[in-house]
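Line by line, the protein sequences are chains A and B. Here the first sequence is numbered in this note's numbering, starting from 194 and rising by one per residue. Here the second sequence is numbered in this note's numbering, starting from 14 and rising by one per residue. From the three backbone atoms N, C-alpha and C, an ideal C-beta is built for every residue, glycine too. All values derive from a computational prediction rather than experimental measurement.
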Amino acid sequence: MKWFHFFWVIVICFLCACTRETASWSAGDPMRVEIDESALIIQSTPSQIRKINDSIVAMVINRSQLALYDLYTGENVRSYSAEIINFDSLLNVTYNHQYKGRRQYVYDSSSAGGLTDGKYQMFTYYFTGAQFYIYVNAQVEVKYIDDTIAFKKRFSGAQMKAISEKYKNANFHFMEWVEFIFIVDRDLKLQKILPQYERSSFAGQYSPAFQSGFAIDKTDLYAAIAPVGLTLGKIDANKDTPGLFYSIAKLNIQDEKALKLLFSNEELDFSPFSYLDRYFSERFFKNSEEGLLFSNGKEIWSVEKNTPLMKGEKLRDNEWINSFYVDKEQLLLTTYTLDKKAYQPGMAEGKVPDTISSYNVIRIDRKMDTMALKKLNLMDFSRFDVDRNNVIYVERDKEHYYLTHIPLNEK
Amino acid sequence: MLNEIKNTTILHISHSMKNSILIFLVLLFFSCQHEPMGKALSYLHRVADTLQIDRSGNILIYTINPNDCITCLNAFKSFDNKLNGNSGSKIYVVAVDRMIERQAIEKQTTYSDLQPQKNKAVLWGRDLFDSINYFGGVNLAMTMVMVYNYQKDSVLYSKPVREITDMHEIGIELEKKIE
């Protein structure tokens, strides 16, 4: 009888264990629609894919247009192009007015657009829910009329010194990027253009790298930054020096003097970053239930609270984040892994970009601290977005581009 | 008698066979391409073989990625403009696969030099672009300038446009006479 009772105790315990409910997560099969190219022909992989509502995805196409597509039909709903802007006039009322008497900016369509004589480049945008803030730049010639400091700076690099020594009577033409943030509403109608002049508050140490990523929060403008006075070689050599360099700047769209540097190498761990990783890793901002978040490709931090949500140890050495989603329960990441190129003929050693070997979706349960991973069957380079319900990316074959989404389900 | 006829016939057939075999070997020899002993011809040589261009001098080759940086594409346009006086042959290779994209570029570009002309070939294709770049020593999608000698099947000069600081070096290689 004792054995009989013992047997039933075991069975009851087993049943109790089995009836405990556990949440599980799964990623479905890719669902693919051909992207409508009747109005806008895609000439390279679209950049900065972002889902802006349940069915609409925004992307930058051909470095020249912000386009909205239906995720489930691939239809091009609408697009914004700055082609109608007269950049000559724009320069006159902005840069030439700002630097009057010191510099003259001259716009030439043959140098502004590469092969197609386009007028500008469009790289990144930030959607606030009501408006799109779009980063646009154009290459123009600058003549230094009475700006000795800026003129001398042009000749401060080793390469320019060597050229000016070799060609003593040369006539130099200086090209520069003029930068703007275009504000368009949800219907992609232009509202305003904000020129982004040099900010003296950087004191020559950094410049904003809007093309890497930026965000808007009322009048605050957060931007990834690139070191100017501090070379990447010096950063690499001294990466353990606390506070040596910063990753982003908090600016203000109304006050050009406002500046706060954020996320130094004391806070973010840059030890896994090679020289090239600093150029090629994805740096971007995303909004969430927990406010504005920033990723440098390895970690995710809260901008407002200055605290980490995820540190780099969660990823493999050669694994990098290209999109994420955060809520109270989970962190969803899309990542890529790199194969290191040891040597490439014709290129300096250590200066060759690595190749992407795989893409993954990772779910981190924030309460249980568990991870689940799905490897994506994708051969070509792509950009990603992820939210609670979907992973979204673009694929291509010989003839077409496709908008693909993978449903994410919590069972 | 019969044996004599037989022997004569066999001798005659034997001579005929030998002559036939000899003729066959001569034809076989002349049907083969003249290749340098011990060296297979390169992919670039085979591509150049198919083109209606003069292959006697050094050939200027541009491999163009339309999605390359604006500065790189401007540099390519500038080099092409300056080297236009050179009367040698040119090959342009554009890294575009789809006809729809090619038509869009041809429609939008104000850069007139993407049209074939006498002694100038314009080729389209991403695989072709990658293969020729690789032959030029670079395994990346960069816009490149190369100087190629068909007779020797060798690349005399090859650089991404973004790295060229002195255009005269290209001109010098174009003028080089290879013995």
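Margin query: Going residue by residue through the region 105-170 of chain B, where are the continuous beta strand (DSSP E) segments of at least 3 residues, counting only ones entirely within it?
Written below: The region 105-170 of chain B is shown to contain whole beta strand (DSSP E) runs of 3 or more residues at 133-137, 157-162, in chain order.
Margin query: By the three-class DSSP mapping on this structure, what secondary structure does A:Lys232 have?
Written below: Within the first sequence, the letter at position 39 stands for residue 232 of chain A. The residue you asked about is not Lys; residue 232 of chain A is Ala in the sequence shown. In the three-state reduction of the DSSP assignment, A:Ala232 falls in the coil class.
Note to self: I want to verify the contact list: residues of chain A whose CB lies under 7 Å from the CB of B:Glu114, in sequence order.
What the structure shows: Within the second sequence, residue 114 of chain B is the residue found at index 101, counting from 1. Going along chain A in sequence order, the residues near B:Glu114 (Cβ under 7 Å) are Ile234, Gln236.
Margin query: Run through chain A and tell me which residues come within less than 8 Å of B:Arg175, C-beta to C-beta.
Written below: Counted from its first residue, the second sequence places residue 175 of chain B at position 162. At a beta-carbon threshold of 8 Å, none of the residues of chain A lie near B:Arg175; the nearest stands roughly 12 Å away.
Check: Whole-angstrom Cβ separation of B:Met159 and B:Ile66, contact assumed at under 8 Å?
Finding: For this step, residue 159 of chain B is matched to residue 146 along the second sequence. For this step, residue 66 of chain B is matched to residue 53 along the second sequence. B:Met159 to B:Ile66, Cβ: 14 Å. No contact.
Margin query: Which of the three DSSP states is assigned to B:Tyr56 in this structure?
Written below: The count along the second sequence starts at 1 and reaches residue 56 of chain B at position 43. Helix at B:Tyr56.
Note to self: Distance cutoff 8 Å, beta carbons only. Does B:Glu48 sit that close to anything in chain A?
What the structure shows: On the second sequence, residue 48 of chain B is found 35 positions in, with the first residue counted as 1. Caution applies to B:Glu48, whose pLDDT of 49 falls short of 50 and renders its modelled position unreliable; the value that the coordinates give is listed next. Interface annotation, B:Glu48: not in contact with chain A, CB-CB separation never under 8 Å.
Checklist line | Interface positions of the region 582-600 of chain A facing chain B (Cβ-Cβ less than 7 Å), listed along the chain | finding: For the region 582-600 of chain A, which is checked against every Cβ of chain B, the residues closer than 7 Å are Lys591, Glu592.
Note to self: Short of 8 Å in beta carbon distance, which residues of its chain neighbour B:Ala61, apart from the five on each side in sequence? Order them along the chain.
What the structure shows: To locate residue 61 of chain B, count along the second sequence from 1; it is residue 48. The residues are Arg68, Ile72, Ile104, Tyr161, Tyr163.
Next item on the list: Would you kindly work out how many angstroms separate the C-alpha atoms of A:Ala565 and A:Val584, rounded to a whole number?
Entry: Within the first sequence, residue 565 of chain A is the residue found at index 372, counting from 1. Within the first sequence, residue 584 of chain A is the residue found at index 391, counting from 1. Distance between the alpha carbons of A:Ala565 and A:Val584: 15 Å.
Notebook entry, point to check: Is A:Ser304 helix, strand or coil by DSSP?
Noted result: Position 111 of the first sequence, counted from the start, is the residue given in the question as residue 304 of chain A. In the three-state DSSP reduction, A:Ser304 falls in the helix class (H, G or I).
Item checked: Within chain B, the residues that A:Gly490 reaches when beta carbons sit closer than 9 Å -> Along the first sequence, read from residue 1 onward, the residue named residue 490 of chain A stands at position 297. Under the 9 Å cutoff, chain B gives no residues; its nearest Cβ is about 21 Å from A:Gly490.
Notebook entry, point to check: Does the beta carbon of B:Ala53 sit closer than 8 Å to a beta carbon anywhere in chain A?
Noted result: Here residue 53 of chain B refers to the residue found at position 40 of the second sequence. Residue contact with chain A for B:Ala53: absent (no Cβ-Cβ distance below 8 Å to any residue of chain A).
Next item on the list: Say whether chain B places a C-beta atom closer than 8 Å to the C-beta of A:Leu571.
Entry: Residue mapping note: residue 571 of chain A aligns to position 378 of the first sequence, counting from 1. Taking Cβ atoms only, chain B never reaches closer than 8 Å to A:Leu571, which makes this a no.
Check: Using DSSP with H/G/I as helix, E/B as strand and the rest coil, what is A:Ala430?
Finding: Taking the first residue of the first sequence as 1, we reach residue 430 of chain A at position 237. Helix.
Next item on the list: Would you kindly work out how many angstroms separate the C-alpha atoms of A:Ile376 and A:Ser240, rounded to a whole number?
Entry: Stepping through the first sequence from its first residue, residue 376 of chain A is reached at position 183. Stepping through the first sequence from its first residue, residue 240 of chain A is reached at position 47. Distance between the alpha carbons of A:Ile376 and A:Ser240 is about 19 Å.
Check: Rounded to the nearest angstrom, how far is the Cβ of A:Leu233 from that of A:Ala260, given a contact under 8 Å?
Finding: Locating residue 233 of chain A in the first sequence gives position 40, where the first residue counts as 1. Locating residue 260 of chain A in the first sequence gives position 67, where the first residue counts as 1. Going by Cβ atoms, the distance from A:Leu233 to A:Ala260 rounds to 6 Å, so yes, they are a contact pair.
Next item on the list: Could you please give the first and the last residue of the uninterrupted alpha helix (DSSP H) stretch that includes A:Gln352?
Entry: One-based indexing of the first sequence puts residue 352 of chain A at position 159. Its alpha helix (DSSP H) spans residues 351-359.
Check: Can you find at least 3 beta carbon pairs, one from the region 115-123 of chain B and one from the region 139-146 of chain B, that sit closer than 8 Å?
Finding: The region 115-123 of chain B, when compared against the region 139-146 of chain B, does not touch it at the 8 Å Cβ threshold.
Next item on the list: Would you mind reading off the limits of the alpha helix (DSSP H) that contains A:Asp281?
Entry: Translated into positions along the first sequence, residue 281 of chain A becomes position 88. 280-286 is the extent of the alpha helix (DSSP H) around A:Asp281.
Item checked: Segment contact, 8 Å Cβ cut-off, at least three pairs: the region 432-451 of chain A with the region 403-417 of chain A -> Touching, yes.
Note to self: With distance defined between alpha-carbon atoms, name the residue in A:Val253, A:Arg296, A:Tyr262 nearest to A:Thr317.
What the structure shows: Here residue 317 of chain A corresponds to residue number 124 of the first sequence, with the count starting at 1. Out of A:Val253, A:Arg296, A:Tyr262, the CA that lies nearest to the CA of A:Thr317 is found in A:Val253.
Margin query: Looking at chain A, is there any beta carbon in it that lies within less than 8 Å of the beta carbon of B:Ile118?
Written below: As a position in the second sequence, residue 118 of chain B is number 105, starting the count at 1. At least one C-beta of chain A is nearer than 8 Å to the C-beta of B:Ile118.
Notebook entry, point to check: When the Cα atoms are used, what is the spatial distance from A:Arg225 to A:Asp590?
Noted result: Along the first sequence, one-based indexing puts residue 225 of chain A at 32. Along the first sequence, one-based indexing puts residue 590 of chain A at 397. Near 12 Å, if we compare the C-alpha coordinates of A:Asp590 and A:Arg225.
Item checked: Under 8 Å by beta carbon: chain B residues contacting A:Gln314 -> For the purposes of this step, residue 314 of chain A is identified with residue 121 of the first sequence, where counting begins at 1. Those are Ile83, listed as they occur along chain B.
Checklist line | Local Cβ density within 10 Å of B:Met157, reported as buried at 16 or more and exposed below that | finding: Counting from 1 along the second sequence, the entry for residue 157 of chain B is found at position 144. Buried: at least 16 other Cβ atoms inside 10 Å.
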